Amino acid sequence: MVCVMTVFTLLFVAFTTVLYLFLFLVKKELVFTAKHQSLFSLIFPVLFGIFAGSLFITTGTVDEIVRGIAVGLAIISYAINGRGIAGDRFVIHPLDNRGIKFDEVDRVVLFRDEEKNEVKMNFFKFGLRGPLMKFSTPIDELVKFLSKHLKEGTPIDVVMETDK
Numbered sequence: 645m646v647c648v649m650t651v652f653t654l655l656f657v658a659f660t661t662v663l664y665l666f667l668f669l670v671k672k673e674l675v676f677t678a679k680h681q682s683l684f685s686l687i688f689p690v691l692f693g694i695f696a697g698s699l700f701i702t703t704g705t706v707d708e709i710v711r712g713i714a715v716g717l718a719i720i721s722y723a724i725n726g727r728g729i730a731g732d733r734f735v736i737h738p739l740d741n742r743g744i745k746f747d748e749v750d751r752v753v754l755f756r757d758e759e760k761n762e763v764k765m766n767f768f769k770f771g772l773r774g775p776l777m778k779f780s781t782p783i784d785e786l787v788k789f790l791s792k793h794l795k796e797g798t799p800i801d802v803v804m805e806t807d808k
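And the structure:
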């Protein structure tokens, strides 16, 4: 029984390692990285710290400690920012291995928020709205990139805020 649990733990640690490699490869593939939500980047590390601290206090075997750390790393992997625009697709979340291909997009809407100094982007696929992504890159770079990579005839709407 102990041997089976050790093998299970080693397989889970190997899976977590492969998951992190995949997440970092996806992040390196992004041309424009979407802004990370600051709430999640603060909450996940704190929860992982609490989880890891309670794990060391309450458990006694090395097998349980390694398994708990692997589970915590799998949970915190969702905090890795892997959203944005790759060379051939929109990446919606870090574990999205397919993404939304540029050929499938019907329309793109860009909004420049002067107060926060960011560009909000939304796209439509088959008439359905995709998730909102925020970028810190200038709007002209996004428009140039999208006009080159989207299929011909795809409208790119740029919405500017009027002075109040």
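Per our numbering, the very first residue in the sequence shown carries number 645; after that it's consecutive.
Here a beta-carbon is modelled for each residue, glycine too, at the ideal position from N, C-alpha and C.
Note that the structure is predicted; figures quoted are calculated from it, not measured.
So for residue i, helix, strand or coil by DSSP?
i: residue 762; result: strand
i: residue 730; result: strand
i: residue 711; result: helix
i: residue 655; result: helix
i: residue 783; result: helix
i: residue 776; result: coil
i: residue 754; result: strand
i: residue 674; result: strand
i: residue 694; result: helix
i: residue 747; result: helix
i: residue 687; result: helix
i: residue 768; result: strand
i: residue 701; result: helix
How would you call residue i, buried or exposed, if buried means at least 16 neighbouring beta carbons within 10 angstroms?
i: residue 716; result: buried
i: residue 729; result: buried
i: residue 804; result: exposed
i: residue 658; result: exposed
i: residue 669; result: exposed
i: residue 727; result: buried
i: residue 746; result: buried
i: residue 738; result: buried
What whole-angstrom Cβ distance do residue i and residue j have, given they're in contact under 8 angstroms?
i: residue 788; j: residue 679; result: Contact doesn't hold; Cβ gap of about 20 angstroms is too wide.
i: residue 744; j: residue 769; result: 6 angstroms
i: residue 714; j: residue 650; result: Not really, about 13 angstroms apart at Cβ, beyond 8 angstroms.
i: residue 621; j: residue 776; result: Given a span of 645 to 808 for the chain in the structure shown, any question on residue 621 remains unanswerable.
Relative to the ligand ZN, is the shortest distance from any of its heavy atoms to the C-beta of residue i smaller than 6 angstroms?
i: residue 745; result: In the structure on display, the ligand ZN does not appear, and there are no ligands present to speak of.
State whether the segment 749-756 contacts the segment 689-702, with contact taken as three or more CB pairs (one from each stretch) at a distance under 8 angstroms. Fewer than three Cβ pairs drawn from the segment 749-756 and the segment 689-702 lie within less than 8 angstroms of each other, which leaves the two stretches out of contact.
Between the segment 752-761 and the segment 794-802, do at least 3 Cβ pairs fall closer than 8 angstroms? Verdict: yes, contact present.
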